[in-house]
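So the structure is just underneath, and the comments pick up after that.
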Amino acid sequence: MNKIQTSSSASISFKEKIRELFNIFRLRLLEPKGMKKVEGLFKDLNEYKNLLLLYSGKPIENTRILEIGFGPRPLRMVLLKSYGAKIKGVDLDSPLLYGKISEVINIWKKNGFERAIKSFIRFYLFDITERKILEKAVELRGKKLTFSFSQDELYICDASELDFDSHLFDLIISEDVFEHIEISSLKKLIFKMVHWLDPSGIALIRPNIFTGICGGHLTEWFPPVVNSNMKRKSEPWEHLRKKRFQPNTFLNKLTRKEYREMFSQYFDILEERVKYPDLGKKWLNPEIRQELKVYSDEEIFSNQVLFVLKPKIIKK
687 MNKIQTSSSA SISFKEKIRE LFNIFRLRLL EPKGMKKVEG LFKDLNEYKN
737 LLLLYSGKPI ENTRILEIGF GPRPLRMVLL KSYGAKIKGV DLDSPLLYGK
787 ISEVINIWKK NGFERAIKSF IRFYLFDITE RKILEKAVEL RGKKLTFSFS
837 QDELYICDAS ELDFDSHLFD LIISEDVFEH IEISSLKKLI FKMVHWLDPS
887 GIALIRPNIF TGICGGHLTE WFPPVVNSNM KRKSEPWEHL RKKRFQPNTF
937 LNKLTRKEYR EMFSQYFDIL EERVKYPDLG KKWLNPEIRQ ELKVYSDEEI
987 FSNQVLFVLK PKIIKK
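Each residue of the sequence shown is one higher than the one before, starting from 687 at the first, in this note's numbering.
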C-alpha cells in the first residue's frame, strides 16, 4: 500500500484532536454570513492584482499563476480563473470538489480516514453554501464562476517534487502553507520557484509566522478570535511558553527572520506586509514579555506575513 500523505495531521492524542475539531466547528459557526463570508477572497484577489501590476506591469487576465497549497477548497483558484487567469495548483491533500463518494474514497486512500471524514463533513455543512455565495459575488462583478478543473491544473503531491519548465509562471502565490513544509523540502521548493518564475514575475508568499500569537496553530488563538475573551485552556503564546498543547498539524517553526534569510538567497524581498499589525498586544503584559525576551517585537507581532518576492538575476 502507498504511504498515506497529508499536510494536516500530527501526532496528538485522540482527545486533543476532538477538542481541536470542536473548536474549528465553533469558529466556523461564528464566521460572517452572506457576502461578508467571501470578502477575504476578494481582498486577496485585489492585493494580487495591485502587486502584480505594480511590480510586473501585468494585469491579472491571462496571467500564468501557480498556487502552492490550494487546500481542501480551491476557492482562490476558481476565483482567479473567473478573472481570466491561467492557473495551476498543488497540494498534498486531495480536494473534495463535487461531494461524490468516489472522491471521499480516493481521499481516504491518499490522505487517510481523518482527512476523508473532515472533508466530507465540511463539504456538506459549509462548502456548498460558501460556493453559492462566491458564485453570486462573482456574478455581481460581471464574471462567471466555473467550479471545474482539468487534469493538468491540479497536482496532488509534494510541491518540492514538481518539475515545471523555466519561466512558466508570472505569479506564484501561497497562503498559510509554507509553515507546514519540512525545512529540507522548503529549501528545495524555493530554489525551484526562482526558475519557474518568469524574470519579470513575482511570488506572493504568506506564511503564518511561528513566533506570533497565532503561530502555534491552536484553534483558540486563530487570528479572528485572538482579541476575544472566549474561555480558553491555553495561554497567549502557549506554543512558545507553556507548550502544553499541540496543534493537529505539522509546523516547521520558522521565525520571520529565518524566512527572510531563506527567501533572500534567491529572491529580492520587495515588501513584507503583516496582515494583522500588533495582533496579541492586548495579552502582552510585562510578565509574558519577560518570558518571551529572546524574541523581538517584530517576531512577537508577526502573524500572517506577506513576502513580495522578485527573482534575483542569476549570473551565468
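Yeah, the Cβ is synthetic: ideal placement off N, Cα and C, and Gly gets one too.
Small disclaimer: the values here were computed from a predicted structure and weren't measured.
Asked: Whole angstroms are fine: how far does the CA of glycine 828 sit from the CA of valine 863?; Found: 31 Å
Asked: For phenylalanine 812, which of Glu789, Gly785 and Ile791 has the nearest alpha-carbon?; Found: Gly785
Asked: So the beta strand (DSSP E) glutamate 753 belongs to, where does it begin and stop?; Found: 750 to 754
Asked: How about the region 923 to 935 and the region 948 to 962: do they share at least three Cβ pairs that are nearer than 8 Å?; Found: no
Asked: Which full runs of the alpha helix (DSSP H) of 4+ residues lie inside the region 807 to 849, going along the chain?; Found: 814 to 826
Asked: Could you work out which residue in Ser846, Glu924, Cys900 and Arg762 is closest to methionine 879 when comparing CA atoms only?; Found: Ser846
Asked: Given that a residue counts as buried once 16 or more other Cβ atoms are within 10 Å of its Cβ, and exposed if not, what is serine 988?; Found: buried
Asked: Can you tell which of Pro963, Leu761 and Leu992 has its C-alpha closest to the C-alpha of arginine 817?; Found: Leu761
Asked: Do glutamate 865 and proline 893 have their C-beta atoms within less than 8 Å of each other?; Found: yes
Asked: From the DSSP output, read off the bridge partner residues of glycine 775.; Found: Glu753 and Leu840
Asked: Just to confirm my understanding: we take arginine 918, look at its own chain, exclude 5 residues before and 5 after, and list those with CB closer than 7 Å. What are they?; Found: Glu906
Asked: Return the chain-ordered list of same chain residues with a C-beta closer than 7 Å to the C-beta of asparagine 688, the five sequence neighbours on each side being excluded.; Found: Residue placement at asparagine 688 is flagged as unreliable, the pLDDT there being 40, under the threshold of 50; a coordinate-derived value is accordingly withheld.
Asked: Return the first residue and the last residue of the beta strand (DSSP E) that lysine 996 is part of.; Found: 991 to 997
Asked: Just curious, the alpha helix (DSSP H) that leucine 761 is in, first and last residue?; Found: 761 to 768
Asked: Alpha carbon to alpha carbon, what distance is there between proline 933 and glutamate 706?; Found: 8 Å
Asked: For leucine 738, which residues from the same chain have a beta carbon less than 7 Å from its beta carbon, with the 5 sequence-adjacent residues on both sides left out?; Found: Lys744, Ile746, Thr749, Leu857 and Ile888
Asked: Pull the bridge partners of phenylalanine 1007 from the DSSP assignment, please.; Found: As shown, the chain starts at 687 and ends at 1002. That puts residue 1007 outside it, with no answer to give.
Asked: Are the beta-carbon atoms of leucine 940 and phenylalanine 896 separated by less than 8 Å?; Found: yes
Asked: Note down the Cα distance separating valine 824 from arginine 975, rounded to an integer number of angstroms.; Found: 45 Å
Asked: Taking the alpha carbon of serine 860 as the reference point, which residue from Ile773, Leu831 and Lys968 has its own alpha carbon closest?; Found: Ile773
Asked: Could you tell me the alpha carbon to alpha carbon distance between aspartate 884 and isoleucine 791, rounded to whole angstroms?; Found: 38 Å
Asked: So, is glutamate 924 buried or exposed, given that buried needs 16 or more other C-beta atoms within 10 angstroms?; Found: buried
Asked: Determine the DSSP secondary structure at glutamate 957, reduced to helix, strand or coil.; Found: strand
Asked: Is aspartate 851 helix, strand or coil by DSSP?; Found: coil
Asked: Just list the beta strand (DSSP E) runs in the region 880 to 920, keeping only unbroken ones of 3 residues or longer that don't cross its boundaries, in chain order.; Found: 883 to 892
Asked: Quick check on the burial criterion: 16 or more other C-beta atoms within 10 angstroms. Buried or exposed for proline 910?; Found: exposed
Asked: Spatial neighbours of tyrosine 741 within its chain, please: C-beta separation below 8 Å, excluding the five flanking residues on both sides.; Found: Ile888, Leu956, Val994 and Lys996
Asked: In the DSSP output, what is leucine 857 paired with across the bridge?; Found: Ile751 and Ile888
Asked: Buried or exposed: phenylalanine 799, going by 16 or more other Cβ atoms within 10 Å of its Cβ?; Found: exposed
Asked: In the DSSP assignment, the alpha helix (DSSP H) including tyrosine 734 goes from what residue to what residue?; Found: 725 to 742
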